[in-house]
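**Q**
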Amino acid sequence: MKPDFDYLLAGGGAAGLSLAYHISQEPRLRDKRVVIIEPAAKNQNDRTWSFWADAATLFDPIVAHEWQQLAFRSPGFERVFRLQRYRYKMIRGLDFYRFVQEALAQNPQFTFVQASVEGLTNTPEGVEAQTSAGAFRARYAFDSRLPQLHKQPEKHRYLLQHFVGWEIETPHDVFDPGTVEFMDFRGEQHREARFIYVLPFSRRKALVEYTLFSEELLPKAEYEAAMQEYLRHTLGLTDYTIQGEEVGAIPMTDHPLPSREGANIINLGTRAGRAKPSTGYAFLRIQEHSARLVAALAGTGQPPRNPTGDQRQFHLFDTLLLDIMRRRGETTRDIFTELFRRNPIERVLAFLDERTSWADNFRIMNSVTPWPFMRSIWHVLRGRPGKRGE
């Protein structure tokens, strides 16, 4: 049977809407029929996305704040870096949803369906989606639903980047609105990687987050106690109001996340490994993935054979850092301190973006103490994750 649509997007969050918007901006795809199937209304400010970029993006019109300086702090080393080609940016979830939905609402090639996708099946003609609103057929499906992993802890590493954040306002000037507190490791590590992250919006308003890399979530009171400690003893704040809260947990794993499921189902977002396993950053990786897919669809009519374009060397680096975080999470602070102390900031950010050359990768790895990585290489070679405390 002839498909109802050319492209079916299973999920209308960051990954699905990003791909839809990229499609809408490509003149060669204006004849393609696209259906976006998403169970939620997406009318809440449910998250924010931050990223650094050295070029304009399609979503620059809705960037809420932008910073040119980035601070790193740990015991014995503190530095504020002035960014040259990069800018650190933040987009609010609700602004993103509204921007894309309004752009697509008047475009007849897009159809929105509020329903849950319960299954996707490859067919000779393309894909059939089973949803709570009935069946839909398309030539290709792009699936951004959260993956359901069958965990293999004897082979792979499974951590979370989890956080609680407060958007606060103070009665007097406290923050530097031009500088992101990228990582403040001066607090207790408790044998894990723990830091404070601050996005200042003005001298009196900021988002303050307590972030951890570990296998288990904390009781909420522990996140709040750490933020209160930071605000009181590091910033000297006793008078402030909490205007909003963010809570999140991002899976960080070296478990294989395939870029496609069969011939006609292409994975997006977290399902395709777009949340970087060792940092959790995803928004710019989603945009690069969307652009790669759209370029191929417009050129050959088919998704690229390698949809993500990921390089194996960076997957290895992620695996090694995850192994270190799992075994001795407190040493993460020392590793990042060495990275920021011994490298230009632009090289560090390019490395975290997976955009460095082999030569720069060598310089990066040569700038950190080798022994934690050598031990993790041994665990990788033997095919088993290291144990906590090893």
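Residues 388 to 777 in my numbering are what the sequence shown lists, from first letter to last.
From the three backbone atoms N, C-alpha and C, an ideal C-beta is built for every residue, glycine too.
If you're wondering where the values come from, they're calculated on a predicted model, not measured in any experiment.
Using 10 angstroms around the beta-carbon of Asn730, count the other beta-carbons present and answer buried if the total reaches 16, otherwise exposed.
**A** buried
**Q** Could you give the residue range of the alpha helix (DSSP H) that holds Leu457?
**A** Note, Leu457: premise wrong, no alpha helix (DSSP H); beta strand (DSSP E) at 456-461.
**Q** Would Leu707 pass as a contact of Phe760 if the rule is Cβ separation under 8 Å?
**A** yes
**Q** Between Arg573 and Asp641, is the Cβ-Cβ spacing less than 8 Å?
**A** no
**Q** For the alpha helix (DSSP H) containing Ile711, name the first residue and the last one.
**A** 699-715
**Q** List the residues that DSSP assigns as beta-bridge partners of Trp553.
**A** BP columns for Trp553 point to Val595, Glu632.
**Q** Is Pro587 near Thr557, with beta carbons less than 8 Å apart?
**A** no
**Q** So what does DSSP say about Tyr475, is it helix, strand or coil?
**A** strand
**Q** So, at 8 Å on beta carbons, what are the nonlocal neighbours of Glu733 in its own chain, with the 5 sequence-adjacent residues on each side left out?
**A** Leu470, Gln471, Arg472, Tyr473
**Q** How would you call Ser519, buried or exposed, if buried means at least 16 neighbouring beta carbons within 10 angstroms?
**A** exposed
**Q** Residues in its own chain within less than 7 Å of Arg590 by CB, not counting five upstream and five downstream?
**A** Asp560, Val561, Phe562, Pro564
**Q** Under three-state DSSP, which class holds Arg526?
**A** DSSP places Arg526 within a strand segment (E or B) once states are collapsed to three.
**Q** Taking just the CA atoms, how far does Gly399 sit from Arg713?
**A** Taking the straight line from one Cα to the other gives about 33 Å.
**Q** Just reading off the alpha helix (DSSP H) that Asp393 is part of, what are its end residues?
**A** That residue, Asp393, is in no alpha helix (DSSP H); its beta strand (DSSP E) goes 392-397.
**Q** For Tyr545, which of helix, strand or coil comes out of DSSP?
**A** strand
**Q** If you draw a straight line from the alpha carbon of Pro643 to that of Arg762, how long is it in whole angstroms?
**A** Approximately 22 Å between the Cα atoms of the pair.
**Q** If you drop the 5 nearest sequence neighbours on each side, which residues of the same chain put their C-beta closer than 7 Å to that of Ala785?
**A** The structure shown does not extend to residue 785, since the chain spans only 388 to 777, so no value can be given for it.
**Q** From His537 to Leu546, what does the alpha carbon distance come to, in whole angstroms?
**A** Roughly 14 Å between the two C-alpha positions.
**Q** Just list the alpha helix (DSSP H) runs in the stretch 613-675, keeping only unbroken ones of 4 residues or longer that don't cross its boundaries, in chain order.
**A** none
**Q** With H, G and I counted as helix, E and B as strand and the rest as coil, what does DSSP make of Glu579?
**A** coil
**Q** Thinking C-alpha only, which one of Gly463, Arg460, Ala440 is nearest Glu453?
**A** Ala440
**Q** Under 8 Å between the Cβ atoms of Ala746 and His409?
**A** no
**Q** Whole angstroms is fine: what's the gap from Ile449's alpha carbon to Ala650's?
**A** Distance between the alpha carbons of Ile449 and Ala650 is about 35 Å.
**Q** Is Ile652 closer than 8 Å to Pro694 when the C-beta atoms are compared?
**A** no
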